[in-house]
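Peer 1: Residue numbers (full-length UniProt numbering): 1 to 140. Idealized CB from N, CA, C, for every residue including glycine. Here the structure is a predicted model, which is why all the values come from computation and not from measurement.
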Amino acid sequence: MAVNYQGKIITLWIVFLLGMLFHTQLGLMPLFHNESIVTSDTHGTGIAWILWLMLSFFVVPMITIITTLFAGSRRYRQFHFGITIFYSIMNLLHVVSDLLVQPIAWYQIALMIVLLLIGFLLNLVAFQWMQERPTSKLYQ
């Protein structure tokens with residue numbers, strides 16, 4: 001029986017995206033309990049660049065999901081594996097950086113560790129897909 005790597009990858013990316021959305025929402029939850037989420041260390045700097053980075057970090061997996069659905073060339077599979085590695089590195093750095101911020105939001109750390117583990121699983125499946133030989137000349 002053939003392994004459906006594309007289906008597994010798309011599912012993992014969707015779960016990962018849902019986790020990222022919940023991570024963002026979790027940061028806003030204090031607002032619903034009349035607590036402030038304002039930080040005093042922004043010093044009036046614009047946050048537009050942060051919003052663009054966040055948008056990019058969400059859009060890349062969305063584009064990757066669609067591309068994975070329709071593409072299966074060896075070159076794309078290698079590129080996709082690189083994307084998964086990049087996201088795992090960024091998630092690891094995010095966990096470490098949030099451990100350095102006081103006070104530590106342990107519920108966020110727990111969620112980020114779950115996302116990191118999902119990312120590692122995505123790395124593994126993407127690597128397996130990258131190693132698979134194409135079954136059709138269409139993908140070559």
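(1) Are the CB atoms of Val-95 and Ile-109 nearer to each other than 8 Å?
(2) Residue range of the alpha helix (DSSP H) that Arg-75 falls in?
(3) Determine the DSSP secondary structure at Val-3, reduced to helix, strand or coil.
(4) Under 7 Å Cβ to Cβ from Leu-121, same chain only, skipping five residues before and after it: list those, please.
(5) Just reading off the alpha helix (DSSP H) that Ile-66 is part of, what are its end residues?
(6) Determine the closest residue to residue 176 out of Gly-119, Leu-124, Ile-104, Gln-131, with distance taken between C-alpha atoms.
(7) Smallest Cα separation from Trp-129: which of Thr-68, Leu-18, Met-54, Gln-25?
(8) Within 10 Å of its beta-carbon, does Thr-24 have 16 or more other beta-carbons around it, so buried, or fewer, so exposed?
(9) For a test of the three-state rule: what should DSSP assign to Ile-10, helix, strand or coil?
(10) If you check the beta carbons only, do Leu-93 and Phe-16 fall under 8 Å apart?
(11) If we ignore side chains and look at the alpha-carbon of each, how far apart do Gln-140 and Met-29 end up?
(12) If you follow the alpha helix (DSSP H) that Met-130 is part of, which residue opens it and which one closes it?
(13) Are the beta-carbon atoms belonging to Ile-65 and Ile-10 less than 8 Å from one another?
(14) Given a threshold of 16 other Cβ atoms within 10 Å of its Cβ, counted over all protein chains shown, does Ser-73 qualify as buried or as exposed?
Peer 2: Working from what's here:
(1) Translated into the one-based positions of the sequence shown, residue 95 becomes position 95. Translated into the one-based positions of the sequence shown, residue 109 becomes position 109. Cβ distance < 8 Å, so Val-95 and Ile-109 count as in contact.
(2) Translated into the one-based positions of the sequence shown, residue 75 becomes position 75. Where Arg-75 is concerned, the enclosing alpha helix (DSSP H) starts and stops at 74-99.
(3) Your numbering for residue 3 matches position 3 in the sequence shown. Coil.
(4) For the purposes of this step, residue 121 is identified with residue 121 of the sequence shown, where counting begins at 1. So the list reads Leu-12, once near-sequence residues are dropped.
(5) Here residue 66 corresponds to residue number 66 of the sequence shown, with the count starting at 1. Element bounds for Ile-66: 48-70.
(6) Given a span of 1 to 140 for the chain in the structure shown, any question on residue 176 remains unanswerable.
(7) Counted from its first residue, the sequence shown places residue 129 at position 129. From the listed residues Thr-68, Leu-18, Met-54, Gln-25, the smallest Cα separation to Trp-129 is found for Thr-68.
(8) As a working note, residue 24 is residue 24 in the sequence shown. An exposed status is given to Thr-24, since fewer than 16 other beta-carbon atoms sit within 10 Å of its beta-carbon.
(9) In the sequence shown, counting from the first residue as 1, residue 10 sits at position 10. Residue state, collapsed to three classes: helix.
(10) Residue numbering aside, residue 93 sits at position 93 when the sequence shown is read from its first letter. Residue numbering aside, residue 16 sits at position 16 when the sequence shown is read from its first letter. No; because the gap between Cβ atoms is not below 8 Å, this pair is not in contact.
(11) For this step, residue 140 is matched to residue 140 along the sequence shown. For this step, residue 29 is matched to residue 29 along the sequence shown. Reliability fails at Gln-140, whose pLDDT of 45 lies under 50, so the model's placement of it is uncertain and no value is given.
(12) Start at 1 with the first residue of the sequence shown, and residue 130 comes out as number 130. That run of the alpha helix (DSSP H) goes 106-131.
(13) Here residue 65 refers to the residue found at position 65 when the sequence shown is read from its first residue. Here residue 10 refers to the residue found at position 10 when the sequence shown is read from its first residue. Yes, the pair counts as a contact, with Cβ atoms nearer than the cut-off.
(14) As a working mapping, residue 73 is identified with position 73 in the sequence shown. Classification of Ser-73: exposed, given that the 10 Å Cβ count is below 16.
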